[in-house]
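Encoded as structure tokens, the structure appears first; notes follow it.
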Amino acid sequence: MNSFWIILFHTYLNKLKSKSFIITTILTVVIVLGLTNINNIINLFDKSGGKETVAVLDETGRLYEPFKQQITAINKDIKLTNYNGSDKEAEKDVEAGDFDALIQLRFNEERLPEATYKAMSIADSSLFTDLQTGLQQLKTMQSATKINLTEAQLQKLYEPAAFEKVALEKNAKSEEELNQARGLVYILLFIIYFSVIMYANMIAMEVATEKSSRVMEILISSVSPIKQMFAKIFGIGLLSLTQLAVFLIVGYYSLTSNMESLKDGFWGVYGFGDVPIGTIVYAIVFFILGYFLYATLAAFLGSLVSRIEDVQQMITPMTLMVVAGFMIAMFGLGKPDAPFITITSFIPFFTPMIMFLRVGMLSIPIWEAMLGIAVLIGTIVGLAIFGARVYRGGVLMYGKSNSFKDIKKALQLTKNE
Amino acid sequence: MVLKLKQVMKRFGQFTAVNNLSLEIPEKEIFGFLGANGAGKTTTFRMILGLLDTSGGKISWDGLPLNYSTSHIVGYLPEERGLYPKLKVRDQIVYLARLRGMEKTEALRELRFWLEKFKVPEYENKKVEELSKGNQQKIQFIAAVIHKPKLLILDEPFSGLDPVNVEQLKDAVIALKENGTTIVFSSHQMHHVEELCEHLCIMHKGRPVVHGSLKEIKRSFGKKNLIIHADFPLQSLQDFPGVVKARLTMEGVLLQIESEKVAESILKQIVGKGFIRKFALEEPSLNDIFIEKVGDSYE
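Below you can see the structure in the form of structure tokens.
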């Protein structure tokens, strides 16, 4: 087998079998499963099957029925019970766990409803809010009846003014689509951000480990350092794709099998109702390109240090660049069509995240995305040529080396004057 | 198949690491490469291996340049030892052997042969970090020779080893030579070079100061050592004509003299003064030659 493939698979299999890789993969899979099954998990811990029971102590004897109607309209999962007994007894029942809360209804001096809410803790704000909203509506209705407003008049009063947003650009995303895209783009941006940092770090560590353990000199006496560097980058790249594939498959499978219960909740809001394949494809393309850009950078930076301890210091500027790109992208989520975002999306070190943000959120012409990809590929090729020269000299340099002056020194080593 | 270096130069910016080095290393021989620290030995090795480009001159093996396409016929033991600390001996030797163009099964067979030879077959499944430094060095030696290279470069192969291990490694080196491997090795320890090499080269500040066969070098050096142990004082011999250097020892004196003739005169001078327990004329040691050529600055 060609030595390139030997190194590639050696790197890949070694990392794949390493404990840290297996543990992070399993942990992440657990998190993905947890997030996609969130409703099932919440229900699991809820004894009453997701229903909340509230004891209603109606002092007036006339409010229970209309109140119940309002509450049922707001949240089907709240179960009201007309409680017969003293408030002391009711409180005891709440303490015993028979009811989640107790609400006392009565009239104030204007014969309008008011209430006292009692529960073991008032941290569960959603139940409290639902009950409050229900009572508020009841009060509005009763006040309206008092001043002889009909139901129709009341409805008119509360009807929101019509307000429609129209994007004039063709293919522009509607408000709803934009909101959905935002959630998906947000999560994919996060994945790109984390993976690029993680795998670029891994590359730099790999190179520095081989250098500090001095096995490097044997390696590069059998295989050219440039071949070795790229075999390593591709090996780790393959590893990253393996990991991402596991996440995507688990995530997709788990998401589709739980779709029914998730559509209304958190995931629906974040645009996972129907995942646009195009966005996922762009995410993978930009992830791969971003990985190659930063992996090449990390490989040659890693080749400059002699001790593993110095790796972090050496690659900090690179990490900051990724962080900066991510920050700009976060800003861009709210304002994807800002000129600032457009410009930064063509700066190669930011392109993987910001151009992806733009293709995910806006309907930009295809040539812009392609131009971004072309700029990125051009930069990767340039960086690879430059990085390979630095790497070739860098791996032979030992000593106190942790500054960028060493790039010059490394280049000098490979020069044949 | 001769390794030829022709007017090889290497400059790093202003600094000249190797200056005009011409060598011819005959096939199936052990060639010694001596020099103080920083004399340019490792740089020369790196140029032979193609890790560094030459700034001038030519290096060839059997008339052809050495590069990565010939890496399967070259073995290298770097000065700074290092293997993957977390990998098992078997895994890393097989990996390194495959990079030199070997098949896995063949590499395993060779590995077992060498582990037997070094009497450590139990190391096959151990991680390198669990082994002692001397044993790591054996493993690294195996990594350098497993693919039966035609040209073997050993940078300080014996440093940091105990005498038993040095003997084992020496035997292995001699066996390789007898099987037809051309071996270039560098060392600080002169007696290793005297013992193993027929030809050698002493480098000083990037230049070869002595170059040739061991016998010739010693003969052309001219000076000899004279050791005298006697019961009477010998200090006066320090100023005897023809004595270059003298050192008093516990039992007598060690003189460096210009020629055999001087020894005769000295013998005449001291006969009859008392009992002479030892009077021995010896060839100069490589150490003497090295110190003379490279200077006393060398420790």
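So the protein lines, in turn, are chains A and B.
Once you know that position 258 of the first sequence is 258 in full-length UniProt numbering, the rest is easy, because the numbers rise by one and skip nothing.
Once you know that position 229 of the second sequence is 229 in full-length UniProt numbering, the rest is easy, because the numbers rise by one and skip nothing.
Glycine is no exception: its CB is placed at the ideal position from the N, C-alpha and C atoms.
Distance, residue j Cα to residue i Cα
i	j	result
I147 of chain A	Q137 of chain A	16 Å
R100 of chain B	R90 of chain B	15 Å
M205 of chain A	R247 of chain B	55 Å
V243 of chain B	K170 of chain B	36 Å
Q140 of chain B	K104 of chain B	18 Å
A208 of chain A	E258 of chain B	54 Å
E159 of chain A	Q142 of chain A	18 Å
I217 of chain B	F113 of chain B	38 Å
A298 of chain A	I71 of chain A	59 Å
K92 of chain A	N40 of chain A	31 Å
S297 of chain B	G38 of chain B	Reliability fails at S297 of chain B, whose pLDDT of 48 lies under 50, so the model's placement of it is uncertain and no value is given.
S187 of chain B	S159 of chain B	8 Å
L178 of chain A	I277 of chain A	16 Å
V250 of chain A	F45 of chain B	52 Å
F286 of chain A	P163 of chain B	59 Å
L293 of chain A	F21 of chain A	22 Å
D87 of chain A	L112 of chain A	21 Å
D239 of chain B	K224 of chain B	17 Å
K215 of chain B	I25 of chain B	16 Å
CB contact check: residue i to chain B, cutoff 8 Å
i	result
K405 of chain A	no
V390 of chain A	no
R214 of chain A	yes
V311 of chain A	no
S20 of chain A	no
E417 of chain A	With a pLDDT of only 48 at E417 of chain A, under 50, the local geometry of the prediction cannot be trusted, and the value read off the model is given with reservation. True, the Cβ-Cβ gap to chain B drops below 8 Å.
E206 of chain A	no
V223 of chain A	yes
L413 of chain A	yes
E217 of chain A	yes
L301 of chain A	no
Check whether residue i and residue j have beta carbons under 8 Å apart
i	j	result
Q104 of chain A	L57 of chain A	yes
A410 of chain A	V390 of chain A	yes
Q256 of chain B	K268 of chain B	no
M47 of chain B	V2 of chain B	no
Y84 of chain B	V215 of chain A	yes
K76 of chain A	A101 of chain A	no
A144 of chain B	L131 of chain B	no
I377 of chain A	L289 of chain A	yes
I78 of chain A	L157 of chain A	no
A17 of chain B	K6 of chain B	no
I183 of chain B	L34 of chain B	no
Beta-ladder partner(s) of residue i, from DSSP
i	result
C201 of chain B	B:F33 and B:H211
Y117 of chain A	A:I103
E52 of chain A	A:I78
M9 of chain B	B:G56
V253 of chain B	B:I228 and B:L248
I25 of chain B	B:L3
C-beta neighbour in chain A for residue i, strict 8 Å
i	result
A263 of chain B	no
Y123 of chain B	no
P65 of chain B	no
A172 of chain B	no
F12 of chain B	yes
P85 of chain B	yes
S71 of chain B	yes
A143 of chain B	yes
P78 of chain B	yes
L281 of chain B	no
G82 of chain B	yes
L99 of chain B	yes
Buried/exposed call for residue i, threshold 16 Cβ in 10 Å
i	result
E299 of chain B	With a pLDDT of 40 at E299 of chain B, under the threshold of 50, the modelled position of this residue cannot be trusted, and the question is left open.
residue 454 of chain A	The requested residue 454 of chain A is not part of the displayed model; chain A covers only 1 to 417.
K68 of chain A	buried
S257 of chain A	exposed
N201 of chain A	buried
H199 of chain B	buried
D288 of chain B	buried
E164 of chain A	exposed
S222 of chain A	buried
A175 of chain B	exposed
R358 of chain A	buried
A280 of chain B	exposed
H10 of chain A	buried
Residue i beta carbon near the ligand SAH (any heavy atom closer than 7 Å)
i	result
R389 of chain A	For the structure depicted, the ligand SAH is absent and the ligand set is empty, with no information on it obtainable.
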